[in-house]
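Beneath this line is the structure, given in structure tokens, with notes to follow.
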């Protein structure tokens, strides 16, 4: 989604043509561990038509999306505080603060018109490079216009302000006013992967390897699990024991595609499968999806020991995602 301007900011349409990949490099703009405490939910849309395509010709974007969405796992993580940091040295041009942290699903799209970025900042990184940082938490901005920042300096914290339904940072990069995809800056609109290095600093190349879907949350609960409980972090709080009424393994995955087949299997301490949820193929692409599998407490309670779960996604007949996790049950 192309976010509307604030202050004097004008977002130029279209993708940049050829960008010299070595002209500048950027650090990750969120203080998190990629693949564990934060995930890429959406990339830049590289398809100029009403369709959408990410830089690997995948579906992890949507029409007109002009940035990288860096998502954190839960609202509980957002409330605990996750810093947004400067991706490179620069000077703060504009900021906005004071927008409430309320999901647009609750607030209504009409109520965020002209404030789609929410609480944000625009930083001039020199030589025509400019970055916009969006959806930060109300009252968290630590900079003001004119401040000089170094890469890694805190700008604010991830929030839920503006046009968003989940806590994340929307990071838009521009060169001379035109959007640039930091994952494939020199690639043509029709390529699938680009022909050169990304604009991310060298240490990020491996952690940021393209993932066609990820597990955002996983764990065990002592009863039924809802999407709301996962999002709020409540599902993580009730640790099952041998006396819990049930043992339920759950996952929330992002970036799933139509046709994906998901299987979640729960194993007892002997390695025997005791519950399985094999879902029918997805009818269409899904930004996120929850699955769970569990058993009721047997007579006398659960045995002590290590219970494991394995979540697998099969895509076009091939493994696409696999995640294993476990819990040691104690009285």
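In mature numbering (1 follows the signal peptide of the UniProt record, and there is no 0), the protein residues as written are -21 to -1, 1 to 310. The C-beta atom is built at its ideal place from N, Cα and C for all residues, glycine as well.
- One thing to note: residue 120 has its Cβ no nearer than 8 angstroms to the Cβ of residue 90.
- Nearest to residue 155 by alpha-carbon distance, out of 108, 88, 230 and 216, is 108.
- Taken atom to atom, the span from the alpha-carbon of residue 141 to that of residue 76 is near 11 angstroms.
- Scanning its chain for C-beta atoms nearer than 8 angstroms, with the 5 sequence neighbours on each side dropped, one finds around residue 117 the residues 76, 77, 78, 79, 80, 98, 138 and 140, in chain order.
- Secondary structure at residue 206: helix, using DSSP grouped into helix, strand and coil.
- The residue among 266, 264 and 291 with its C-alpha nearest the C-alpha of residue 257 is 291.
- Beyond the five residues adjoining it in sequence on each side, residue 86 comes within less than 6 angstroms, by CB distance, of no other residue in the same chain.
- Taking one beta carbon from each stretch, the segment 232 to 243 and the segment 204 to 214 have fewer than 3 pairs nearer than 8 angstroms; the two do not touch.
- Counting along the chain, residue 303 sits inside the beta strand (DSSP E) bounded by residues 297 to 308.
- When Cβ pairs closer than 8 angstroms are counted between the two stretches, the segment 281 to 296 is seen not to touch the segment 180 to 187, the count staying below three.
- Here residue 90 carries a helix assignment [DSSP, helix/strand/coil].
- Secondary structure within the segment 39 to 69: the beta strand (DSSP E) runs of 3 or more consecutive residues, fully enclosed, are 47 to 50 and 62 to 64 (chain order).
- Boundaries for residue 22: no beta strand (DSSP E) harbours it, and the DSSP string shows neither H nor E there.
- Within the segment 204 to 270, the complete alpha helix (DSSP H) runs of at least 4 residues fall at 206 to 211.
- The beta carbons of residue 62 and residue 10 sit closer together than 8 angstroms.
- DSSP places residue 280 outside any beta strand (DSSP E), giving it a letter other than H or E.
- Measuring C-alpha to C-alpha distances from residue 112 to each of 165, 71, 13 and 190 identifies 71 as the nearest.
- Just so you know, the alpha carbons of residue 302 and residue 246 end up roughly 14 angstroms apart.
- Sixteen is the threshold: when 16 or more other Cβ atoms of the shown chains lie within 10 Å of the Cβ of residue 48, as they do, the residue is buried.
- With fewer than 16 neighbouring CB atoms inside 10 Å of its own CB, residue 251 falls in the exposed class.
- Sequence-distant Cβ neighbours of residue 200 in its own chain, meaning closer than 7 angstroms and more than five residues away, are 214, 217, 219, 227 and 229.
- Restricting attention to 243, 176, 94 and 34, the CA atom closest to the CA of residue 259 is found in 243.
- Distances from the CA of residue 298 to each of 190, 74, 196 and 273 were compared; the closest alpha carbon is that of 190.
- In this structure residue 31 is buried. Its beta-carbon is surrounded by 16 or more other beta-carbon atoms within 10 angstroms.
- Our two residues, residue 33 and residue 152, have alpha carbons roughly 15 angstroms apart in a direct line.
- Just so you know, the alpha carbons of residue 96 and residue 25 end up roughly 20 angstroms apart.
- When the beta-carbon positions are compared, residue 171 and residue 294 stay at least 8 angstroms from each other.
- Rounded to the nearest whole angstrom, the C-alpha separation of residue 57 and residue 43 is 26 angstroms.
- Assignment of residue 272 by DSSP, reduced to helix, strand and coil, places it in the strand class.
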